[in-house]
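Numbering (my numbering), first residue to last: 6 to 255. Data block below; observations after.
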């Protein structure tokens, strides 16, 4: 078992690895996310018919998972077939990494501004009496070979049925071991409410830093960064934070 500080260091190390590759291939990623528009007339009418009445669903949800699965396969190499986990799950020498791909429409800020909805199979972070996650804090693939569970989210904010990506957000959900550090402050009621206990909204804007690393190094070490932000938008429009790092804006 890692100390809390060592755990945050490992979360940050893989956060930086994911961020590096996303930045390096941003153009091809955005191109892939927009590729659905080339065949819009072949799927749009049928897609709209399957949507819930009165609700405009993201038309990028399923397709985005395909794009990122292809992207990370050559980087993280070893996917795991566990039935419980995020959209993407990989085994590395010292960790199991979950990467959840989330999408939200720019005209529905309740789905994204400073928060991300997290399901029970996408986190190891629990709150006693309110939420019991399905992911462990550590995996044990072999005796005496414990591997920490790390969870990340890529959130894509976009315009409905147009080649217009508004923002790409990367964030790291604290491992459940760090409850004593972050507590209930980052936990907000999910789409299904507190009673069902099936999800919660991770309020990253409440505590946007790796707290222990920030205290150790006496500088802000962010748990959330904007890989991309469309021209004309401010970081606060997406994250509810004015100082979050923005890597590309055009």
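A virtual CB, placed ideally from N, CA and C, is assigned to each residue, including glycine. Keep in mind the model is a prediction, meaning the values are calculated, not measured.
- Residue 191 sits in coil when the DSSP states are folded into three classes, being neither helix nor strand.
- Note: residue 107 is bridge-paired with 160 in the DSSP secondary-structure output.
- By the 16-neighbour rule on beta-carbons within 10 angstroms, residue 29 is exposed.
- As DSSP reads the structure, residue 56 sits in no beta bridge.
- The residue among 201, 238 and 132 with its C-alpha nearest the C-alpha of residue 187 is 132.
- If you draw a straight line from the Cα of residue 83 to the Cα of residue 165, it is about 33 Å long.
- Under the rule that a run must span 3 or more residues, the beta strand (DSSP E) segments found entirely inside the stretch 78–152 read 93–97, 100–110 and 121–124.
- Membership of residue 176 in the beta strand (DSSP E) is indicated by the continuous run 170–178.
- Put simply, the stretch 219–239 touches the stretch 171–186. At least three CB pairs are less than 8 Å apart.
- Taking 7 Å as the cut-off, the Cβ atoms of residue 92 and residue 105 count as close.
- The DSSP-derived three-state label of residue 204 is strand.
- The C-beta distance from residue 135 to residue 202 rounds to 6 Å, short enough to meet the 8 Å contact threshold.
- Residue 230 is bridged by DSSP to 175.
- Across the structure, residue 68 and residue 158 are spaced so that their CA atoms are roughly 16 Å apart.
- Counting every other CB atom within 10 Å of its CB across the protein chains shown gives residue 125 a total of 16 or more, marking it as buried.
- With fewer than 16 other Cβ atoms from the protein chains shown falling within 10 Å of its own Cβ, residue 98 counts as exposed.
- Counting along the chain, residue 253 sits inside the beta strand (DSSP E) bounded by residues 251–254.
- A distance below 6 Å between beta-carbons, with the five flanking residues on each side excluded, links residue 156 to the following residues of its chain, in chain order: 103, 128 and 178.
- Only buried fits residue 142, as 16 or more other CB atoms lie within 10 angstroms of its CB.
- Cβ-Cβ distances below 6 Å link residue 251 to 231, 234 and 240 in the same chain, with the five nearest sequence neighbours on each side left out; the list follows chain order.
- Cα atoms of residue 49 and residue 223: separation of roughly 50 Å, rounded to the nearest angstrom.
- Shown here for residue 12: same chain residues with a beta carbon closer than 8 Å to its own, the five before and five after excluded, namely 153, 180, 182 and 183 in chain order.
- In this structure, DSSP gives residue 155 an extended state, which the three-state scheme calls strand.
- Counting other Cβ atoms within 10 Å of its Cβ, residue 138 reaches 16 or more and is therefore classed as buried.
- According to the DSSP assignment, residue 222 belongs to the alpha helix (DSSP H) that extends over 216–222.
- Across the set 36, 55, 112 and 190, the C-alpha of 190 shows the shortest separation from the C-alpha of residue 216.
- Across the set 75, 61, 71 and 150, the C-alpha of 61 shows the shortest separation from the C-alpha of residue 111.
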